[in-house]
Each structure stands twice: as C-alpha cells, then as structure tokens.
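Taking it in order: structure first as structure tokens, then the write-up.
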Amino acid sequence: MDQARRLRAKTETAPTTIAFASGKGGVGKTNVCVNTAIGLVELGKRVLIVDLDIGMANVHILLNASRSRTMMDSVKARIPLAASVQKNVQGVDILHGGSGLDELVQFSHADMQFFMRELEVLTEYDYVLFDMGAGATDTSLQFIEGCDEMFLILTPEPTSLMDGYAYTKLVHRQSPDLPLGVIVNRAQSGEEALQCFERMEVACEQFLKKSIRFLGYLPDDATVRRAVIAQVPFYHLDRKSDISWRLERILTTLTGTPPKPRHFMERLMGNLKRQWNRV
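With positions in the sequence shown counted from 1, the corresponding number in my numbering is that position plus 36.
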C-alpha cells in the first residue's frame with residue numbers, strides 16, 4: 037500500500053507494524069496476536085491491535101470486551117478514527133475493521149482521503165499488530181504490503197503447511213521484499229516445531245527464492261483452553277506456564293529484550309505439568 041508507506045515516511049516515530057496471518061483458520065492466529073500484544077505491553081510498549089479478521093473478528097472476545105465502532109463506521113460517518121479505538125482493554129488498545137472493509141478498493145476519492153488522513157492515529161503507538169483474516173483478499177494484501185513484516189502462524193499439521201505456503205506465495209507476488217517470520221503454534225516439542233519451520237523454509241527458498249526466519253514456537257498447552265474460557269490472555273492467566281515462557285522467547289526475538297530466567301522450581305513445575313497433560 038503506497039499510501040501506508042508514505043505515512044510511515046512522514047513521521048520520525050513510526051510504529052513497528054506487523055501483520056499476523058495464516059493460510060487457514062483454526063491455527064490460533066488471533067490468540068498468538070493478542071498475547072504478543074499483551075507481552076509487549078508488559079515490556080512498556082504502547083500497542084494497538086487492528087482486528088481485520090472480517091469473518092471471524094474475535095479479538096474482543098479473547099479480551100472480554102464489547103464490540104465498538106469500526107473503521108468502516110468512522111469512514112461512513114466521517115468520525116475521527118481515534119474515537120473508534122477501544123482504550124486500555126487489558127492493557128492494549130483495539131480497533132475493529134468492520135464487515136465492509138473488503139470494499140476498501142471501491143472507496144470514493146473522498147473516502148480514501150479521509151481514511152488515509154485518519155490512519156495517522158497509528159503513529160501514536162510503538163507497535164501496531166494487524167490480525168488478518170485467514171486467506172487473502174485484495175484489501176488484506178494491501179494492508180500486509182504496508183506492514184514492516186508478516187508473522188505467519190503455522191501448526192505442524194500438513195494442511196496448515198500447505199495453506200501457509202499458498203498464502204505466502206500470494207503475498208510474495210505482491211510484495212517480494214516483505215520480511216516473513218514464522219511462529220509454530222501447538223507444537224508438541226521444539227523438535228517438531230523446527231521440523232515444521234524447515235519444511236516451510238525449504239519450500240520458500242526452492243520455489244520463491246525467499247528467505248524466512250524462525251521466530252519461535254508455542255507448545256500445545258492446556259493453559260490456552262483455560263484462558264480462552266476465562267476470556268483472559270494466557271500470558272495474564274499464568275505467567276509461569278510453559279507457553280508464557282515460550283512467548284517471552286518470541287518477544288526477545290522481536291524486541292531484543294531478554295526474558296527473565298526461570299528458576300529451578302519453575303522449570304521443574306513446567307516440565308511436570310507438561311508431562312501430566314500428555315498422560
């Protein structure tokens with residue numbers, strides 16, 4: 037998106053913009069996005085989540101928040117976009133895209149001028165995380181192209197790998213220089229996660245001539261289910277869980293801030309809980 041690139045160039049305090057994407061639904065993309073945002077807030081960052089998962093918009097559900105005015109509502113009514121941002125929802129701000137956002141390419145000139153001017157609200161943040169819908173549309177590809185990086189969320193299942201590669205191929209055609217990071221979710225072990233990443237890496241290098249980076253993995257942890265039911269991010273629910281510790285490793289890769297070392301008892305309890313959940 038040329039306008040988005042110009043917007044970033046206009047400010048010396050441009051946020052880091054990341055698109056969280058997946059080739060298929062059901063891989064935990066939104067959960068990863070939300071908890072990454074929570075982790076960044078814990079590191080003192082100002083974070084906005086833009087929910088662009090039009091068909092399955094559920095960022096507000098995971099954070100136990102009500103739906104608010106959307107970006108589309110703001111454009112249609114010429115209401116400042118900042119007025120549609122939900123502030124301090126468990127520490128993060130949220131902006132909902134709206135069910136008509138896929139019509140962005142059909143905006144009138146006046147609509148687009150208003151929309152692009154109002155997007156300057158994004159410059160108030162250190163990180164803006166876009167929760168993209170599964171699959172690619174013309175509008176979603178424009179948003180992804182305007183981001184600094186795309187985080188592809190995979191699971192070890194073959195269907196996730198196949199659909200993730202197909203999604204990456206579409207994005208690569210539109211924006212071949214866009215950096216791509218991979219997070220493997222619901223892995224049974226680090227070895228399984230690394231094997232999953234390596235299969236994606238080989239495909240991208242062989243067929244797209246594209247290098248990708250491994251951001252880390254999140255284990256298949258019962259903490260996630262408890263957190264979803266409670267409508268609390270797992271990073272808030274249990275900071276000592278294995279998945280929270282793994283998230284901190286990903287945050288280190290993202291920000292350069294090292295995670296706090298776990299003491300012996302924390303490591304032991306995490307290992308015991310993980311073994312118990314497999315029985």
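Glycine included, each C-beta is placed from N, C-alpha and C at the ideal position. Note that the structure is a prediction, hence the values are computed from the model and not measured.
Nearest candidate by alpha-carbon position, reference residue i, set the options
{"i": "T291", "options": "G61, V68, L79", "result": "L79"}
{"i": "V157", "options": "L216, N221, V86", "result": "V86"}
{"i": "H145", "options": "Q267, P194, K112", "result": "K112"}
{"i": "D109", "options": "A55, L131, S247", "result": "L131"}
{"i": "V164", "options": "I286, R275, K81, L244", "result": "K81"}
{"i": "L216", "options": "D256, G200, G171", "result": "G200"}
{"i": "N100", "options": "N67, V238, T191, V207", "result": "N67"}
{"i": "G59", "options": "M107, Y203, A223", "result": "Y203"}
{"i": "E160", "options": "G75, S277, D213, T53", "result": "T53"}
{"i": "D257", "options": "Q178, N221, G182, F243", "result": "N221"}
Residue environment, residue i, which counts as buried when at least 16 other CB atoms sit within 10 Å
{"i": "R282", "result": "buried"}
{"i": "E154", "result": "buried"}
{"i": "I265", "result": "exposed"}
{"i": "G133", "result": "buried"}
{"i": "E227", "result": "exposed"}
{"i": "K123", "result": "exposed"}
{"i": "P51", "result": "buried"}
{"i": "G62", "result": "exposed"}
{"i": "S176", "result": "buried"}
{"i": "T195", "result": "exposed"}
{"i": "A229", "result": "buried"}
DSSP state of residue i mapped onto helix, strand, coil
{"i": "K65", "result": "helix"}
{"i": "V121", "result": "coil"}
{"i": "D162", "result": "coil"}
{"i": "F56", "result": "strand"}
Chain D contact for residue i (CB, 8 Å cutoff)
{"i": "R103", "result": "The question asks about chain D, but that chain is absent: this structure has only one protein chain."}
- In the region 225 to 287, which residue ranges form an unbroken beta strand (DSSP E) of at least 3 residues, counting only runs that do not cross its ends? Complete beta strand (DSSP E) runs here, min 3: 249 to 255.
- Item | In chain order, each beta strand (DSSP E) run of at least 3 residues that lies wholly inside the region 65 to 117 | The region 65 to 117 contains these whole beta strand (DSSP E) runs: 83 to 88.
- Message: Please give me, in chain order, every unbroken run of the beta strand (DSSP E) with length at least 3 that falls completely inside the region 176 to 228.
- Response: Unbroken beta strand (DSSP E) stretches of 3 residues or longer found wholly inside the region 176 to 228: 185 to 190, 216 to 223, given in chain order.
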